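Same order as they appear, the protein sequences are chains A, R, X and Y. Start counting the first sequence at 1; every next residue gets the next number (our numbering). Start counting the second sequence at 1001; every next residue gets the next number (our numbering). Start counting the third sequence at 2001; every next residue gets the next number (our numbering). Start counting the fourth sequence at 3001; every next residue gets the next number (our numbering). Scroll down for the structure; my scribbles are underneath it.
Protein chains: 4
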Amino acid sequence: MILTTKILPRYAETDQMGIIHHSVYAIWYEEARTIFFNEIGIKYDEIEKMGIMTPLIELNCEYKKPAYYNQEVEIRTKIIKLTPVKFIIEYDIFNKENQLINIGKTTLAWADSKSFKIINLQKKYPEIYKSIEEIVEN
Amino acid sequence: MILTTKILPRYAETDQMGIIHHSVYAIWYEEARTIFFNEIGIKYDEIEKMGIMTPLIELNCEYKKPAYYNQEVEIRTKIIKLTPVKFIIEYDIFNKENQLINIGKTTLAWADSKSFKIINLQKKYPEIYKSIEEIVEN
Amino acid sequence: MILTTKILPRYAETDQMGIIHHSVYAIWYEEARTIFFNEIGIKYDEIEKMGIMTPLIELNCEYKKPAYYNQEVEIRTKIIKLTPVKFIIEYDIFNKENQLINIGKTTLAWADSKSFKIINLQKKYPEIYKSIEEIVEN
Amino acid sequence: MILTTKILPRYAETDQMGIIHHSVYAIWYEEARTIFFNEIGIKYDEIEKMGIMTPLIELNCEYKKPAYYNQEVEIRTKIIKLTPVKFIIEYDIFNKENQLINIGKTTLAWADSKSFKIINLQKKYPEIYKSIEEIVEN
């Protein structure tokens, strides 16, 4: 599954170069991730209450072209890898001219929300694991 | 004119109290303001290129109830005052239960984007002034 | 007591006007507040663990002059009002030329960190209340 | 040269996991980078006025342990690679227990601040290039 989300860059997200600041992209990835999981019926806020957290363990961003205030961008989000202890999501961001301006990858761990320890999702929550497994893009 | 905008609170906008951090509301007001001006055909990024800036000179926020990650809020935005040199916008934020959770007011100046000096919008850009005047809510 | 804190404005805090974005000031107030309470021996993170939270209930900012990236500012912080259920802090921000560029006021409630309900600090934690009472600036 | 900078994590930088949000680290790297360049006498805001910009083209972060509000961290910053068109900086972040909690790498281009085009720093500003060359850590 590839989910397409649209984001309107905010004024507060610009910097004095006149472009969207590079730190903002990780926040956009996260918004795209939230909506991705909402779509498949696994709401982040609900799984957090169930005891699952997904702390980031790695972040990679490639900046190809700038994004600008009030110029909508489109994020295409897909899970590219899933293991019992972690998963990797890729985000491809396009501008209005359909140019690929940014590529992001986030590696997230499955962790217990109390102890912060890594959990084996496949063992602890086999149903959630299975429903994610079905939508991984290879 | 009262414009209604919806915002999905981001994870990055939460703090360790488990609620949306108070500094985020000013950014939401600004997003609502951008969409408000887009709606009436006066795009912020375009008027900035024309030479008009609208620096904030005063901000007031009342926090009545918390907002939460992934729980959509609705912002009702209206211009409540306009003078040749400044204008005041009010933002009323509601949660899903239709409870008023936050009230914001921003006072913005009309300024020249090169010199940063206050301008008299009514004299310099009478058409823009007039089109805004027509939608002020008293 | 008036506490003086210095902050070096960050690049990420600028916007495309070339100045520090207005939403950043509330974050600076909060940093000044943290250091203020560290100084008087009442660390925020520790009182939070004790069960006290201080949610913001009102924020007021006046923007007089811009702040700029890499141009240090000085914040003078003082508690100007204390009641058993809330307190008000004022922040005066100065640039290198000793010009007052921003005035902030935050009203914070004393609340229980579990129930989020307002508490009477004077009754529940009389010693903390007393030590704060002694440093209020009138 | 390795520069050591200290940062006090802000409350606004926490998220509802009770830790510093992952998007904040890129902002800390940038603050460390600013102070690094201040130290060697090449102030970012001044070279920007001269016509040089350093847009980010790649960002990599490894998150090993969380950082917490009001718990100071130490950032050790060094330039690990310099070419005429770009440079790579590494940031190692330690907590109070001297544990390495985060490793960041940023690749920045030398660009013209008007045209946003890549410039050859060695040719256009040989003195700046040389002074940076001398402090690269291999």
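We treat Cβ as the ideally placed atom computed from N, Cα and C, and that holds for glycine. Note that the coordinates shown come from a computational prediction; the quantities given were computed from them, not determined experimentally.
Alpha-carbon spacing of residue i relative to residue j, whole angstroms
i: E3137(Y); j: D2112(X); result: 50 Å
i: D92(A); j: M3001(Y); result: 36 Å
i: N2038(X); j: I2079(X); result: 14 Å
i: P1126(R); j: E2058(X); result: 36 Å
i: N2060(X); j: N1060(R); result: 5 Å
i: K3124(Y); j: I7(A); result: 38 Å
i: K2043(X); j: K2049(X); result: 10 Å
i: T1083(R); j: F1116(R); result: 18 Å
i: K81(A); j: I3118(Y); result: 35 Å
i: L1056(R); j: E2090(X); result: 19 Å
Under 8 Å between C-beta atoms of residue i and residue j
i: A3012(Y); j: T3054(Y); result: no
i: N2098(X); j: Q2071(X); result: no
i: T2014(X); j: H2022(X); result: no
i: I2135(X); j: I2075(X); result: no
i: I35(A); j: T5(A); result: yes
i: R10(A); j: I1088(R); result: no
i: K114(A); j: G18(A); result: no
Integer-rounded CB distance, given that residue j should sit under 8 Å from residue i
i: T1077(R); j: L1003(R); result: 5 Å
i: Q16(A); j: Q2122(X); result: Wrong, their Cβ atoms sit about 46 Å apart, outside the cutoff.
i: N3120(Y); j: V3085(Y); result: 6 Å
i: Y25(A); j: D1045(R); result: That belief does not hold up - the Cβ atoms of Y25(A) and D1045(R) are roughly 20 Å apart, past 8 Å.
is_contact[residue i, chain D] using C-beta, thresh 8 Å
i: P1055(R); result: The structure shown has no chain D; the protein chains it does contain are A, R, X and Y.
beta-carbon residue i near the ligand ADP non-hydrogen atom, thresh 7 Å
i: A12(A); result: Questions concerning the ligand ADP fall outside what the structure shown contains, since it holds no ligand whatsoever.
TODO: Answer yes if the stretch 1061-1074 of chain R comes into contact with the stretch 1102-1111 of chain R, meaning at least three C-beta pairs across the two stretches below 8 Å, and no otherwise.
DONE: yes
Task: Inter-stretch contact (C-beta, 8 Å, three-pair minimum) for the stretch 2024-2036 of chain X and the stretch 1124-1135 of chain R - done: Taking 8 Å as the limit for Cβ pairs, the verdict is that the stretch 1124-1135 of chain R does not touch the stretch 2024-2036 of chain X.
Task: Interfacial residues, the stretch 9-37 of chain A to chain X, with Cβ spacing under 7 Å - done: Y11, A12, T14, D15, Q16, G18, H21 and S23
- [ ] Could you name the residues of the stretch 3104-3117 of chain Y whose beta carbon sits closer than 9 Å to any beta carbon of chain X, in the order they occur along the chain?
- [x] none
- [ ] Please list the residues of the stretch 2058-2069 of chain X that have a C-beta atom closer than 7 Å to any C-beta atom in chain R, keeping them in chain order.
- [x] E2058, L2059, N2060, C2061, E2062 and Y2063
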